[in-house]
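Heads up: the sequence shown begins at 1 in full-length UniProt numbering, then just goes up one per residue.
Think of the CB as a built atom: it goes at the ideal place given N, C-alpha and C, for glycine as much as any other residue.
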Amino acid sequence: MPEFLGSAASDLANIGSMLSAAQAAAAAPTTSVLAAAEDEVSAAIAALFSGHGQTFQALSAQAATFHDQFVQTLSAGAGQYVSAEATNLASFAANPAQTAAQGLLDAVNAPFLAQTGRPLIGNGANAAPGSGANGGAGGWLLGNGGAGGSGAAGLNGGNGGAAGLIGTGGAGGAGGVNVGVGGQAGNGGIGGAGGLLWGNGGIGGAGGSSLAATPGIGGAGGTGGAGGLFGAGGAGGAGGLTGFGVPQGVGGAGGAGGTGGTLSGLVGAGGGHGGVGGAGPTGGAGGAGGNAGLLAGSGGAGGVGGFGAVADGGAGGAGGNGGLLMGGGGAGALGGAGSVTGGAGGNGGNAGMLSGLFGPGGGAGGAGGAGSVTGGAGGNGGGAGLLFGSGGSGGTGGFGIFGTGGAGDRGGQAGQLIGTGGAGGAGGEGLAVGGAGGNGGAAALIGTAGNGGNGGFGPVIGGNGLSGNTSPLQPVFNAVNAPVQAATGRPLIGNGANGATGTGENGGAGGWLLGDGGAGGSGAGATGGAGGAGGAAGLLGA
């Protein structure tokens, strides 16, 4: 750094010298302009230009003074920088505490390095770019894993190194770009595992891009590393891009999220998110979200599907499942937009067995991607816990820009004892035909079935989905609801009605005690009408 400051000061000094020489050369002809003739007008013009020249010379002198002061300050700063560096080095060398600490650490690590090739305390080494080598493992006791090296042309990236007892796994290396004839670009490396006790898994490496002149496939993103005992899974890597000029090319798939640690949910961690699918003539699929730990934690969200510039969009990734006992399912991801058909939305993940009693339920299904001809279908809502909880809502169908809207998908099933079924996804709007709405999820013993999704708006409106299977106690609910409905216009237990498609009606309110609010109706497409507001839930509901 000091040498750069000194060089800059020298360059500025040279520039100042050249400017001073140019100003001196221009002084005489610009400050003593001769009149073109002996008349008064010529004399006045000459005096005016001479005055401007004199003013310019005065300002130039002030600027030169400032320039010289700036160069002197910069030169002095460079000298002080050199002096400070020398002082710091001398201080460090003379500091016995620092020297002793480093020496002690080196002495402790030496036998471990000799016997295992891995220190007791310290980070693993990063692999060199372009090597595709794996990152080094972190110290046995404490240390992060090193990052994997990126792959050479068309080859896979290296895996991230594992952490020690405590530490974060190293990131996977990016896959190499494919610039040859067809084939697939390199895949991203897998993220390193988190520390055995505490630490998150490393993120997966991005897939390489395929830029070949013939049909190729983008590299897949690497899978995220598994979390430690109390750590979250790493996110999956993004899929590689593929050049749009070759119609048969396909974007790379996103990497799956890593699995959460066994007890990760106890500290708010869960499965890693899936990677985004790569864009291409046909979009790559998004990666699935990672499952949560054995006991608790939320599943990771799926990765968004890639854009299909010539053909179809990529499917959205599915959400990961919640922990075996507690934890909500991850949300399914949006399908990628496509020039022909939009990608399907990802399915929502299932919740843990007791998740509805202590937390969220099934994950929502992802919406379908927009398509020029046909919108993508929505994803299924995830199921609730075994006994308690609500199913996830089904995904909305994608917009059919010049054709048919995508179909909404079904809502997830409620827990067996208490809970509500997920609402079916609405059908996508279409310029020709609206998509069909999805069916609602089945109810619990004590709970309500999910409403069917509204059909999508269009010149031909799509059909509405059916409500889910009701509880065996529904006749009892009807008897209890009758007086409450008559007195308040709202049931005690039950869902609010959906607003009708194309009307902009508000959704109805759910039951006072238990019930989800109804979905608002879509606005009238011809007039650009606003959609209706969703209905309010009851004491328990969404």
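Per DSSP, what kind of secondary structure is residue i in: helix, strand or coil?
{"i": "Gln184", "result": "strand"}
{"i": "Thr65", "result": "helix"}
{"i": "Val460", "result": "strand"}
{"i": "Phe307", "result": "coil"}
{"i": "Ser264", "result": "helix"}
{"i": "Gly478", "result": "The residue asked about is misnamed: residue 478 is Asn in this sequence, not Gly. Helix at Asn478."}
{"i": "Val340", "result": "coil"}
{"i": "Gly280", "result": "strand"}
{"i": "Thr404", "result": "strand"}
{"i": "Asn178", "result": "strand"}
{"i": "Phe399", "result": "coil"}
{"i": "Ala537", "result": "A caution first: Ala537 carries a pLDDT of 49, below 50, which makes its placement in the model unreliable, though a value can still be read off. Reduced to three states, the DSSP call for Ala537 is coil."}
{"i": "Thr503", "result": "coil"}
{"i": "residue 546", "result": "The question about residue 546 has no answer, for the chain in this structure spans 1 to 542."}
{"i": "Leu59", "result": "helix"}
{"i": "Thr374", "result": "strand"}
Write down the C-beta distance between residue i and residue j rounded to the nearest angstrom, noting that I regard them as a contact closer than 8 Å.
{"i": "Ser131", "j": "Gly170", "result": "Not quite, the Cβ-Cβ distance comes to about 14 Å (not below 8 Å), so this is no contact."}
{"i": "Gly362", "j": "Gly382", "result": "3 Å"}
{"i": "Asn469", "j": "Gly427", "result": "Rounded, the Cβ-Cβ distance is 21 Å, inconsistent with contact."}
{"i": "Ala331", "j": "Gly303", "result": "So it is not a contact: roughly 11 Å between Cβ atoms."}
{"i": "residue 566", "j": "Gly227", "result": "What is shown of the chain runs 1 to 542, which leaves residue 566 out entirely."}
{"i": "Ser471", "j": "Leu445", "result": "6 Å"}
{"i": "Gly176", "j": "Ser150", "result": "7 Å"}
{"i": "Gly287", "j": "Gly274", "result": "3 Å"}
{"i": "Gly188", "j": "Gly219", "result": "6 Å"}
Expressed to the nearest angstrom, what Euclidean distance is found between the alpha-carbon atoms of residue i and residue j?
{"i": "Ala285", "j": "Leu105", "result": "47 Å"}
{"i": "Leu263", "j": "Gly293", "result": "6 Å"}
{"i": "Thr259", "j": "Gly221", "result": "16 Å"}
{"i": "Gly234", "j": "Arg490", "result": "46 Å"}
{"i": "Gly496", "j": "Ala509", "result": "5 Å"}
{"i": "Gln248", "j": "Gly183", "result": "12 Å"}
{"i": "Phe457", "j": "Val433", "result": "7 Å"}
{"i": "Gly406", "j": "Gly435", "result": "5 Å"}
{"i": "Gly506", "j": "Gly499", "result": "For the sequence presented, residue 506 should be read as Asn rather than Gly. One C-alpha to the other measures close to 5 Å."}
{"i": "Ala133", "j": "Thr448", "result": "55 Å"}
{"i": "Ser209", "j": "Leu334", "result": "22 Å"}
{"i": "Gly305", "j": "Ala127", "result": "30 Å"}
{"i": "Gly173", "j": "Gly343", "result": "28 Å"}
{"i": "Asn380", "j": "Gly160", "result": "34 Å"}
{"i": "Ser355", "j": "Gly411", "result": "17 Å"}
{"i": "Gly345", "j": "Asn439", "result": "16 Å"}
{"i": "Gly389", "j": "Pro360", "result": "7 Å"}
{"i": "Gln115", "j": "Gly270", "result": "35 Å"}
{"i": "Gly408", "j": "Gly338", "result": "17 Å"}
{"i": "Gly257", "j": "Gly148", "result": "17 Å"}
{"i": "Asn291", "j": "Gly327", "result": "10 Å"}
{"i": "Ala318", "j": "Ala486", "result": "43 Å"}
{"i": "Asn178", "j": "Gly245", "result": "15 Å"}
{"i": "Gly139", "j": "Ala364", "result": "40 Å"}
{"i": "Gly392", "j": "Pro129", "result": "43 Å"}
{"i": "Gly494", "j": "Asn451", "result": "10 Å"}
{"i": "Val276", "j": "Gly441", "result": "28 Å"}
{"i": "Gly272", "j": "Phe66", "result": "57 Å"}
{"i": "Phe230", "j": "Gly154", "result": "36 Å"}
{"i": "Gly164", "j": "Asn156", "result": "25 Å"}
{"i": "Gly518", "j": "Leu386", "result": "25 Å"}
{"i": "Gly397", "j": "Gly425", "result": "7 Å"}
{"i": "Ser60", "j": "Gly103", "result": "59 Å"}
{"i": "Gly122", "j": "Ala351", "result": "38 Å"}
Okay, do the stretch 232-250 and the stretch 196-207 touch, 3+ Cβ pairs below 8 Å being the bar?
yes
Quick test of the definition: if touching needs 3 or more C-beta pairs under 8 Å, does the stretch 368-376 touch the stretch 410-422?
no
Check whether the stretch 471-490 and the stretch 454-462 are in contact - that is, three or more C-beta pairs closer than 8 Å.
no
Completely contained beta strand (DSSP E) runs for the stretch 188-268, where each covers 3 or more residues
none
Those runs of the alpha helix (DSSP H) which lie wholly inside the stretch 94-147 and span at least 4 residues:
96-116
Going along the chain, which unbroken runs of the beta strand (DSSP E) with 3 or more residues stay wholly within the stretch 412-443?
none
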